[in-house]
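In my numbering, each number is its position in the sequence shown, counted from 1, plus 1069.
By construction, the Cβ of each residue, glycine as well, lies at the ideal position given by its N, Cα and C atoms.
I have placed the structure first, in the form of structure tokens, so that the comments after it can refer back to it.
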Amino acid sequence: MGSKGINHYIEAAQRSAIWHKDYLKEMKKCRFDTIAVHGIYSMQEALDFNQGSIIEPVYMATSQSYRDSDEMEAALSYQIPTWCYSRIANPTIYYLEGVLAMLESYGSDVDASCIATSSGMAAIQTAVDQFLLPDHENPSKPVNFVASTQVYGGTFQQFAVRKHQERGIEWRKVINSDDLKEWESLIDDNTRFLYGEMPSNPGQAFFDLKKVIELGHKHGIPVIVDSTVATPALMRPLCLGADIVVQSVTKTLATSGFGIVGAVIARKNIVSKVGSPEMKADFCMYAKTLPNRDNGPNLSPMNAIMAINDIRTLRSRVDMQSRSTMTIAKYLSSHKHIEQVDYLGLESHPLHQLASEYLWLADSEHDEQYGKKVNRYGHLMSFHVKGGAQAARDVFDGLQRIWRATDLGRIKSVATIPSISTHSQQGEEGRKLAGIPANLIRLCVGAEHPDDIIADLEQALSVLDGKTIKSSAPEYSAGGASSATLRR
Ligand SMILES: *Cc1c(COP(=O)(O)O)cnc(C)c1O
């Protein structure tokens, strides 16, 4: 058998690229829910490549085999579509990346791409590190970035310790992220990007994203947004002009809670003063084929399929959970043991007006139930218990339906005390910057009926009236396991 030549494969890839482009164009005409359900996995893909499987198959394999040396050469020089080795790419992960890129650009003509990572933290590292390289012509020139302090605890550590302390890259901290002047005053010639999280976890900080984007672009630098709490069902920063979005897919997107997943989604042709033309042209493709290939923070295909599966129902879940959260926030607002409730959906929240300009339920205007654009504010809220840190702990310890865990986005309601968990690492002063007092309980409302969540909160809060909560424990589980006490 003679060699077919490398062009044989490259030409086939070019024909395929046209087919895929047309398919995506058709898919892009669909509504949010349709895209969330189908993503980029087509019937053609199922029938021709996946034995007709209606669900995206999981490729639990390290690597791809090639027909001959020509195909291998074309693949490894990235001239044909290939996944080659699962540290670099994998078909199941590709389906996840495809659906996220489509959802984050939904309703706009933004051309986006995505790279999935092993965690939200790896996504943040992937998104920011490409901009923090030293200036080779001027290696002693300092490098800085401007980012709000009201960020996830892990992000705070990555910025404060891994970048600032360990690598000498200055984190210029924006304390009041809704003050545009503060952002602007921190930018200089050595600023590589602007970064913000909105709404922030747990403080629900919010800023005028469109103005921050304008500001970044005026200075020729990219704007990176952690949009984990909003999800594309409520807000799509790329459509507002942001360059890069990071998602802890672990949270609301992959609500079932089977594993940790992250993603970076970027528009094509980002704004940046540093980086190669290839990096700016397609940031995610660049990160996938070069730095992340070499650093290796890739996702497992098993975690990818679990995320894909949960994303299908994103919009209706976020709608329902947002409505329940509003009901619960209103209940807590008038409770005698509660000092303050922080929920962007409450009119009393100082950032309610601003948040209402940004947080819209996707496609509500096409929903027969609503028929117009409606605001939804997500399922993250927090409340301050009267009586200080100990009172908050007593209430927290009394919860019986709401799980005590450092988690959010789950289909089950979960609560945490950030000052002793997610935000313990950053110390008293760091918590002050992020606005996290010791009597704050963060509640992320699940898909249970809100009446049952309210009943649980009611009985837990009753400990502050001096009521004791009685608890008993069975010695056998319903499934037949015996407890340690019985065996003793
Ligand atoms: C959890 C979280 C992260 C980190 O994501 P992991 O998947 O846990 O690594 C980043 N940002 C926000 C807003 C988060 O809530």
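Just to check, is the beta-carbon of Asp-1295 closer than 8 Å to a non-hydrogen atom of ligand 3?
With respect to small molecules bound, the structure shown includes ligand 1 and not ligand 3.
From His-1448, Gly-1265, Gly-1414 and Thr-1131, residue whose alpha carbon lies closest to that of Cys-1153:
Counting from 1 along the sequence shown, the entry for residue 1153 is found at position 84. When only C-alpha atoms are compared, the closest one is Thr-1131.
Any non-hydrogen atom of ligand 1 within 8 Å of Val-1372 CB:
Sequence index remark: in the sequence shown, residue 1372 carries index 303 (1-based). It is worth fixing the name first, because residue 1372 is Asn in this sequence and not Val. No, since every heavy atom of ligand 1 falls outside the 8 Å radius drawn around the Cβ of Asn-1372.
Per DSSP, Arg-1473 is paired with what?
Stepping through the sequence shown from its first residue, residue 1473 is reached at position 404. Note: Arg-1473 sits in a beta bridge opposite Ala-1484.
Looking at the strands, I want to know which residues DSSP matches up with Lys-1337.
Here residue 1337 refers to the residue found at position 268 of the sequence shown. Paired residue(s): Asp-1351.
Apart from the five residues on each side of it in sequence, which residues of its chain come closer than 6 Å, Cβ to Cβ, to Asp-1411?
By 1-based counting over the sequence shown, the position of residue 1411 is 342. Non-local beta-carbon contacts of Asp-1411 in its own chain, meaning distances under 6 Å to residues more than five positions away in sequence, involve Gln-1273 and Ser-1451 in chain order.
Determine, using beta carbons only, whether Arg-1564 and Ala-1105 come nearer to each other than 9 Å.
Residue 1564 lies beyond the range of the chain shown here (1070 to 1557); nothing can be said about it.
Which of the three DSSP states is assigned to Phe-1465 in this structure?
Against the sequence shown, residue 1465 aligns to sequence position 396. DSSP places Phe-1465 in helix when its eight states are reduced to three.
Return the first residue and the last residue of the beta strand (DSSP E) that Gly-1265 is part of.
Translated into the one-based positions of the sequence shown, residue 1265 becomes position 196. Its beta strand (DSSP E) spans residues 1260-1266.
To test your reading of the DSSP string, which unbroken alpha helix (DSSP H) runs of 4 or more residues are found completely within the region 1493-1526?
Counting whole runs of 4 or more residues, the region 1493-1526 contains the alpha helix (DSSP H) stretches 1496-1503.
If the criterion is Cβ atoms closer than 9 Å, does the pair Asn-1270 and Leu-1530 meet it?
Looking up residue 1270 in the sequence shown gives position 201. Looking up residue 1530 in the sequence shown gives position 461. Judged by their CB atoms, Asn-1270 and Leu-1530 are not nearer to each other than the 9 Å cut-off.
Does Met-1171 pass the burial test, meaning 16 or more other C-beta atoms within 10 Å, or should it be called exposed?
Position 102 of the sequence shown holds residue 1171. Residue environment analysis places Met-1171 among the buried positions, since at least 16 neighbouring C-beta atoms fall within 10 angstroms of its C-beta.
Please identify the residue among His-1233, Gln-1219 and Lys-1349 whose C-alpha is closest to the C-alpha of Ser-1182.
Stepping through the sequence shown from its first residue, residue 1182 is reached at position 113. Checking every option, the nearest Cα to that of Ser-1182 belongs to Lys-1349.
Pull up the distance between the alpha-carbon of Ser-1188 and that of Glu-1095, whole angstroms please.
In the sequence shown, residue 1188 corresponds to position 119, counting from 1. In the sequence shown, residue 1095 corresponds to position 26, counting from 1. Whole-angstrom Cα-Cα distance: 31 Å.
Simplified DSSP assignment, three categories, for Lys-1279
Locating residue 1279 in the sequence shown gives position 210, counting from the first residue. Correct three-state label for Lys-1279: helix.
Using only alpha-carbon positions, find the residue among Pro-1487, Leu-1512 and Val-1318 that is nearest to Lys-1501.
Sequence index remark: in the sequence shown, residue 1501 carries index 432 (1-based). Comparing alpha carbon positions, the residue from Pro-1487, Leu-1512 and Val-1318 closest to Lys-1501 is Pro-1487.
Under the rule that 16 or more other beta-carbon atoms within 10 Å means buried, what is Met-1129, buried or exposed?
Taking the first residue of the sequence shown as position 1, residue 1129 is located at position 60. Exposed is the call here.
State the start and end residues of the unbroken alpha helix (DSSP H) segment that holds Asn-1213.
Counted from its first residue, the sequence shown places residue 1213 at position 144. Premise fails: Asn-1213 lies in the beta strand (DSSP E), 1213-1217, not in any alpha helix (DSSP H).
Does the beta-carbon distance from Arg-1261 to Ile-1282 come in below 9 Å?
Here residue 1261 is taken as the residue at index 192 of the sequence shown, counted from 1. Here residue 1282 is taken as the residue at index 213 of the sequence shown, counted from 1. Taking 9 Å as the cut-off, the Cβ atoms of Arg-1261 and Ile-1282 do not count as close.
Our contact map puts Val-1168 next to Ile-1380 with C-beta atoms below 8 Å; I'd like the distance itself, whole angstroms only.
In the sequence shown, counting from the first residue as 1, residue 1168 sits at position 99. In the sequence shown, counting from the first residue as 1, residue 1380 sits at position 311. Indeed, because the Cβ distance is near 6 Å, the residues count as touching under 8 Å.
Opening and closing residue of the beta strand (DSSP E) in which Ile-1184 lies
One-based indexing of the sequence shown puts residue 1184 at position 115. Start and end: 1181-1186.
Quick check: what's the CA-CA separation for Met-1190 versus Gln-1199?
In the sequence shown, residue 1190 corresponds to position 121, counting from 1. In the sequence shown, residue 1199 corresponds to position 130, counting from 1. Between the C-alpha atoms of Met-1190 and Gln-1199 there is a straight-line separation of about 15 Å.
Check the C-beta distance from Ile-1505 over to His-1492 and give it rounded, since I have them as a contact under 8 Å.
Locating residue 1505 in the sequence shown gives position 436, where the first residue counts as 1. Locating residue 1492 in the sequence shown gives position 423, where the first residue counts as 1. Taking C-beta atoms under 8 Å as the contact rule, Ile-1505 and His-1492 qualify, at a distance of about 5 Å.
Just to confirm, is the Cβ distance from Ser-1482 to Val-1443 under 9 Å?
On the sequence shown, residue 1482 is found 413 positions in, with the first residue counted as 1. On the sequence shown, residue 1443 is found 374 positions in, with the first residue counted as 1. In this structure, Ser-1482 sits away from Val-1443, with a CB-CB distance that is not shorter than 9 Å.
Can you tell me whether Gln-1219 is buried or exposed, with buried defined as 16 or more other CB within 10 angstroms of its CB?
Position 150 of the sequence shown holds residue 1219. Gln-1219 should be labelled buried.
Are the Cβ atoms of Val-1330 and Phe-1352 separated by less than 9 Å?
For the purposes of this step, residue 1330 is identified with residue 261 of the sequence shown, where counting begins at 1. For the purposes of this step, residue 1352 is identified with residue 283 of the sequence shown, where counting begins at 1. For Val-1330 and Phe-1352, no; Cβs fall outside 9 Å.
Limits of the alpha helix (DSSP H) - the one that Gln-1113 falls within:
One-based indexing of the sequence shown puts residue 1113 at position 44. That run of the alpha helix (DSSP H) goes 1112-1118.
Backbone secondary structure at Val-1294 - three-state DSSP:
By 1-based counting over the sequence shown, the position of residue 1294 is 225. Strand, per DSSP.
In the DSSP output, which residue or residues are listed as bridge partners for Asn-1444?
The residue you call residue 1444 lines up with position 375 of the sequence shown. Paired residue(s): Trp-1429.
Between which two residues does the beta strand (DSSP E) harbouring Ser-1317 extend?
Stepping through the sequence shown from its first residue, residue 1317 is reached at position 248. Here the beta strand (DSSP E) through Ser-1317 covers 1313-1317.
Would you list, in sequence order, the uninterrupted beta strand (DSSP E) runs of no fewer than 3 residues that lie entirely inside the region 1139-1194?
Counting only runs of 3 or more, we get 1181-1186.
Report yes if the C-beta of Ala-1158 is less than 8 Å from at least one heavy atom of ligand 1; otherwise report no.
Position 89 of the sequence shown holds residue 1158. Checking the Cβ of Ala-1158 against ligand 1 gives no.
Alpha helix (DSSP H) segment containing Asp-1102, residue limits:
Reading the sequence shown from its first residue, position 33 is the one you call residue 1102. Note, Asp-1102: alpha helix (DSSP H), 1101-1107.
Candidates Pro-1306, Pro-1126 and Lys-1250: which alpha carbon is nearest Arg-1336's?
On the sequence shown, residue 1336 is found 267 positions in, with the first residue counted as 1. Considering only alpha carbons, the answer is Pro-1306.
Taking all protein chains shown into account, decide if Pro-1160 is buried (16 or more other Cβ within 10 angstroms of its Cβ) or exposed.
Residue numbering aside, residue 1160 sits at position 91 when the sequence shown is read from its first letter. Label assigned to Pro-1160: buried.
Could you check where the beta strand (DSSP E) with Ser-1552 kicks off and where it finishes?
What you label residue 1552 is simply residue 483 of the sequence shown in a count that begins at 1. In the DSSP annotation of this structure, Ser-1552 is not part of any beta strand (DSSP E), being labelled neither H nor E.
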